[in-house]
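Residue numbers (full-length UniProt numbering): 1 to 526. Ideal Cβ positions, reconstructed from N, Cα and C, are used throughout, including at glycine. Quick caveat, the model's predicted, so the values are computed rather than measured.
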């Protein structure tokens with residue numbers, strides 16, 4: 001393969017009036033057009049989506065009777081597996097050879113529209129089971145399809161126009177499947193060294209098993225369950241699966257015996273608050289008297305919050321918190337002293353001390369929750385034997401179909417847009433504009449500590465996209481083309497949200513993690 005093509009930073013897509021389109025998209029009106037190059041954030045997204053399609057094509061060509069499914073992200077890559085058997089080293093080698101051959105052949109990747117009935121015919125094959133399921137839940141008169149050398153796919157995001165652009169990737173066997181790894185830099189000779197995360201893989205694998213039990217591995221399957229009146233079963237089992245994760249962790253904490261402080265961390269909108277309150281309840285059941293501390297109550301006054309490189313307030317850095325006060329409060333409580341814990345209201349930027357003093361009893365245990373709770377600099381002097389660390393995130397297990405995933409990042413963006421509008425009075429465009437800063441903070445200050453966790457919780461629920469859709473769609477539609485990046489992101493997310501059947505909030509339990517975002521939580525205004 002001619003890897004120099006990659007290093008030339010080619011144009012891979014275009015922004016047409018702020019919406020991401022393929023580079024060969026036909027423009028029929030006056031429009032503001034911007035080239036999207038490979039090394040830009042949007043260009044990288046197009047490239048990664050395109051190499052997934054490249055692998056899907058190779059699998060369809062080599063194994064027409066097998067069903068390949070895209071899964072979660074891991075180790076700078078995407079996890080794929082055949083649903084009928086484990087991936088072998090021979091499978092990986094054959095697929096790699098086919099992918100290289102396809103890249104070298106410089107095949108044009110074409111996009112066209114076909115009738116709904118023609119789409120049903122094209123996707124009535126074993127390898128398109130989930131695509132067909134989603135199609136059957138729709139009634140569009142025409143369907144946009146993408147083809148590579150006669151093989152058809154539905155691409156819900158733009159892809160490159162020629163296979164010769166897809167020169168840099170790595171395919172390796174992993175677990176029962178394989179990882180398709182993508183580049184993180186401009187280096188045409190190397191992909192970053194693989195860093196394993198077995199705890200993350202274990203949690204994702206369990207989540208995928210749960211999705212199979214619930215028959216909600218894809219949007220088409222979820223839509224089918226909703227249409228057939230089975231959503232109450234999905235909700236009940238999903239909530240039970242979530243609660244079981246927390247129950248098992250509480251039992252492990254008790255078995256250790258020495259734990260006095262539980263630290264719960266995770267990225268933005270991961271459901272940390274509700275999960276920590278659920279853990280609080282489980283610990284009470286087994287004889288503890290938990291005391292909860294939210295790190296959100298320790299934000300510095302707004303004028304003392306550090307600024308990022310763009311001059312915006314950076315709430316994601318550890319230094320945005322009052323560290324001396326955190327350390328003093330936790331240490332004092334563990335020493336048996338009384339402490340007046342702080343409170344902070346984000347909307348008004350008001351803070352103060354709680355009137356009632358807090359102290360720990362003999363059977364008390366602290367629960368410290370916040371995005372920085374796993375950072376060793378938070379309470380560096382505390383004995384590790386006294387600590388139990390939990391990493392929590394919304395690890396999305398449902399996909400659009402075999403070839404198109406819903407990223408955990410997009411799932412968290414949807415949660416945050418809904419919550420920020422409801423609880424913080426933040427305009428959706430502002431939430432999306434701030435998101436790149438949030439991601440940088442997570443990369444630098446949160447994700448690096450996830451392997452320090454004793455346990456990991458996946459707060460994603462099988463039905464949650466359907467629950468968030470009625471709230472998220474109007475908010476995202478309120479963002480107009482003059483909002484730049486926020487508009488581009490909103491349009492992309494709307495494309496898959498609009499594929500999902502909505503469900504009504506009345507069906508969702510009051511103690512669900514989803515209530516943290518849509519409101520109505522039994523735990524109060526969180």
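Asked	Found
With DSSP as the reference, label residue 52 as helix, strand or coil.	helix
How many angstroms separate the CA atom of residue 316 from the CA atom of residue 445?	8 Å
Is residue 420 close to chain C, meaning its C-beta is less than 8 Å from at least one C-beta of that chain?	This model lacks chain C altogether; it includes just one protein chain.
Could you check what DSSP says for residue 294 in three-state terms: helix, strand or coil?	strand
Opposite residue 151 in the DSSP bridges: which residues?	148
Determine, using beta carbons only, whether residue 401 and residue 179 come nearer to each other than 8 Å.	no
Excluding the five sequence neighbours on either side, which residues of its own chain have a C-beta within less than 7 Å of the C-beta of residue 377, listed in chain order?	318
Which term fits residue 478, buried or exposed, when burial requires 16 or more other beta carbons within 10 angstroms of its beta carbon?	exposed
Should residue 38 be labelled buried (16 or more other beta-carbon atoms within 10 Å of its own) or exposed?	buried
Taking the beta strand (DSSP E) that residue 72 falls in, what are its first and last residues?	68 to 73
Between the beta-carbon of residue 52 and the beta-carbon of residue 82, is there less than 8 Å?	no
For residue 391 versus residue 266, is the C-beta distance shorter than 8 Å?	yes
Using the C-alpha atoms, what's the distance from residue 439 back to residue 134?	31 Å
Counting beta carbon pairs with one atom in the segment 9 to 20 and one in the segment 30 to 45, are three or more of them shorter than 8 Å?	yes
Determine the closest residue to residue 350 out of 301, 460 and 253, with distance taken between C-alpha atoms.	301
Does the beta-carbon distance from residue 106 to residue 163 come in below 8 Å?	yes
When the Cα atoms are used, what is the spatial distance from residue 286 to residue 259?	14 Å
Helix, strand or coil: how does DSSP classify residue 485 here?	helix
Which first and last residues belong to the alpha helix (DSSP H) in which residue 224 is found?	219 to 227
Are at least three pairs of beta-carbons, each pair with one atom in the segment 107 to 124 and one in the segment 203 to 221, less than 8 Å apart?	no
Kindly give me the distance between the Cβ atoms of residue 231 and residue 462, rounded to whole angstroms, as I take these residues to be in contact under 8 Å.	At roughly 10 Å, the Cβ-Cβ gap does not stay under 8 Å, so residue 231 and residue 462 are not in contact.
Measuring CB atoms only, is the segment 500 to 514 touching the segment 447 to 457, in the sense that at least three cross pairs come out at less than 8 Å?	no
Three-state secondary structure (DSSP) at residue 177?	strand
Going by DSSP, what residue range makes up the beta strand (DSSP E) through residue 112?	109 to 115
Hey, quick one: how far does the beta strand (DSSP E) through residue 417 stretch, first residue to last?	That residue, residue 417, is in no beta strand (DSSP E); its alpha helix (DSSP H) goes 408 to 419.
Compare the beta carbon distance of residue 592 and residue 87 with 8 Å and say whether it is the shorter of the two.	Since the first residue shown for the chain is 1 and the last is 526, residue 592 is missing from the structure and cannot be characterised.
Which whole runs of the alpha helix (DSSP H) in the segment 469 to 526 are 4 residues long or more, in chain order?	485 to 497 and 515 to 518
Under 6 Å Cβ to Cβ from residue 144, same chain only, skipping five residues before and after it: list those, please.	113
Could you give the first and the last residue of the continuous alpha helix (DSSP H) run that contains residue 199?	198 to 214
For the candidate residues 309, 434, 125 and 156, whose alpha-carbon lies nearest to that of residue 497?	156
Applying the criterion that 16 or more other CB atoms from any shown protein chain within 10 Å of the CB defines a buried residue, is residue 122 buried or exposed?	buried
Going by C-alpha distance, which of 296, 306, 493 and 262 is nearest residue 288?	262
Would you give the residue range spanned by the alpha helix (DSSP H) that residue 433 belongs to?	428 to 445
Just tell me which of 343, 333 and 346 has its CA closest to the CA of residue 363.	333
Whether or not the segment 474 to 489 and the segment 422 to 431 are in contact is what I'm after, with contact meaning three or more pairs of Cβ atoms, one per stretch, closer than 8 Å; do they touch?	yes
Report yes if the C-beta distance between residue 357 and residue 338 is below 8 Å; otherwise report no.	yes
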